[in-house]
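Numbering (the numbering used here), first residue to last: 182 to 555.
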């Protein structure tokens with residue numbers, strides 16, 4: 182049986198939570214979503230949380246709240262899932278690619294500083310593989326130049342940076358609850374923020390710009406309040422109660438799920454530390470990664486590609502996260518000078534890492550790695 186690179190951890194508790202919502206008669210945006218938002222905000226140390234249907238929608242709304250204009254620029258890493266960059270385009274703005282740090286693969290503050298212009302409006306930082314970006318340096322740059330820092334925390338749910346929880350640091354933080362993320366809702370996302378006006382705007386815009394969603398017009402009244410007003414042209418990207426029910430169970434399990442990931446990472450690191458041709462991932466002393474991905478590096482592209490084939494032939498599914506965004510055909514017209522990203526992605530391989538990965542399966546992966554002729 183093939184070992185996947187990523188896999189959700191679902192128990193009977195999640196199944197029962199879904200069944201309860203299905204039987205309740207209210208499966209859309211409603212009380213479970215409201216409870217999830219409050220509980221998630223508290224867990225992440227944030228003032229506010231808005232539940233959405235994806236992290237892509239979260240980043241889109243975050244940037245849309247800045248009222249970006251066609252000449253405006255958003256500085257972003259190329260080392261990310263392409264949806265991060267797409268969200269900039271959705272808003273009609275221009276992505277400007279800043280290079281990455283060679284060790285953590287997160288956006289390099291020094292290169293961000295070099296690429297700030299009079300048109301820059303925001304910095305969009307990605308927590309790569311679960312490791313937080315250099316948030317303090319990026320916040321300093323944002324304050325100095327009057328910019329907004331938006332954090333893409335799709336990989337880093339449960340991570341910390343200098344003893345602060347991800348979700349409590351940046352003005353706007355975007356989370357993913359995709360099927361294989363550390364916390365899954367099947368599909369879903371959220372925005373955390375610290376200002377009430379932002380949260381209020383996100384809530385209206387996720388539901389087509391309508392002043393009150395259906396649940397809030399129902400819950401505290403003996404009769405349904407049919408009248409509402411559409412304040413702005415919004416989107417339809419809200420969370421639903423089925424996803425929220427799964428998320429509530431997953432949120433309760435998150436500390437243990439992330440602890441299992443950390444134990445598996447420690448086993449990998451110990452087993453692979455003597456391989457001179459393989460570089461294991463780094464975790465800074467002041468950060469605590471959520472370990473969404475376990476990325477190793479080989480000396481060059483040729484050996485990387487042979488290594489990938491070697492694992493596949495042995496029933497192990499690896500991944501490559503990611504092809505830099507500026508190399509995709511849809512962004513070839515965007516000028517990008519990112520020499521570190523251009524080199525490092527050619528060396529990257531993601532090994533299987535998920536809470537239900539058994540030690541027997543991990544040993545099979547480790548044995549296959551040791552059998553590779555580099």
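All residues carry an ideal CB built from backbone N, CA and C; glycine is no exception. Only a predicted model underlies this, so the values are computations on that prediction, with no experimental measurement involved.
Under the assumption that residue i contacts residue j (Cβ atoms under 8 Å), give the Cβ distance between them as a whole number of angstroms.
i           : j           : result
residue 238 : residue 370 : 6 Å
residue 495 : residue 440 : Not really, about 28 Å apart at Cβ, beyond 8 Å.
residue 326 : residue 301 : 7 Å
residue 372 : residue 233 : 7 Å
residue 505 : residue 259 : 4 Å
residue 365 : residue 189 : 5 Å
residue 337 : residue 311 : 5 Å
residue 534 : residue 474 : 7 Å
residue 281 : residue 552 : Not really, about 31 Å apart at Cβ, beyond 8 Å.
residue 525 : residue 283 : 6 Å
residue 244 : residue 331 : 7 Å
residue 429 : residue 458 : Wrong, their Cβ atoms sit about 44 Å apart, outside the cutoff.
residue 299 : residue 279 : Not really, about 17 Å apart at Cβ, beyond 8 Å.
residue 291 : residue 277 : No, residue 291 and residue 277 are not in contact; Cβ-Cβ is about 15 Å, not under 8 Å.
residue 229 : residue 377 : 7 Å
Could you spell out the range, first to last residue, of the beta strand (DSSP E) harbouring residue i?
i           : result
residue 221 : Element bounds for residue 221: not the beta strand (DSSP E) but the alpha helix (DSSP H), 212-225.
residue 529 : 529-532
residue 357 : 353-357
residue 371 : 370-374
residue 231 : 229-233
residue 256 : 254-257
Below 8 Å between beta carbons: does that hold for residue i and residue j?
i           : j           : result
residue 293 : residue 265 : no
residue 262 : residue 503 : yes
residue 235 : residue 375 : no
residue 463 : residue 287 : no
residue 485 : residue 446 : no
residue 214 : residue 380 : no
residue 352 : residue 329 : yes
residue 304 : residue 256 : yes
residue 356 : residue 323 : no
residue 198 : residue 427 : yes
residue 386 : residue 416 : yes
residue 554 : residue 481 : no
residue 184 : residue 546 : yes
residue 425 : residue 217 : yes
residue 249 : residue 211 : no
residue 224 : residue 432 : yes
residue 187 : residue 361 : yes
residue 442 : residue 536 : yes
residue 456 : residue 363 : no
residue 410 : residue 392 : yes
Would you check whether the ligand GDP has a heavy atom nearer than 7 Å to the C-beta of residue i?
i           : result
residue 308 : Looking at this structure, you won't find the ligand GDP or any other ligand, since it has none at all.
Looking at the unbroken alpha helix (DSSP H) that takes in residue i, where does it start and where does it end?
i           : result
residue 236 : 236-245
residue 378 : 377-387
residue 550 : 540-551
residue 265 : 264-271
residue 195 : 193-205
Against chain B, with Cβ distances strictly below 8 Å, would residue i count as a contact?
i           : result
residue 507 : Any reference to chain B falls outside this structure, which holds one protein chain only.
Contact between the region 509-526 and the region 416-428 (3+ Cβ pairs under 8 Å): Segments in contact, no.
Contiguous alpha helix (DSSP H) assignments of at least 4 residues, all confined to the region 273-340: Within the region 273-340, the complete alpha helix (DSSP H) runs of at least 4 residues are 290-295 and 316-326.
Segment contact flag, the region 190-200 with the region 302-321, C-beta cutoff 8 Å, min 3 pairs: Because the criterion of three Cβ pairs below 8 Å is not met, the region 190-200 and the region 302-321 do not touch.
Unbroken stretches of the alpha helix (DSSP H), 4 residues or longer, contained in the region 417-464: Along the length of the region 417-464, whole alpha helix (DSSP H) runs at least 4 residues long occupy 422-453, reported in chain order.
Contact the region 333-351 vs the region 454-474: 3+ CB pairs below 8 Å: Yes, the region 333-351 touches the region 454-474.
Length at least 4, wholly inside the region 472-533: the alpha helix (DSSP H) runs in chain order: The region 472-533 contains these whole alpha helix (DSSP H) runs: 482-494 and 520-525.
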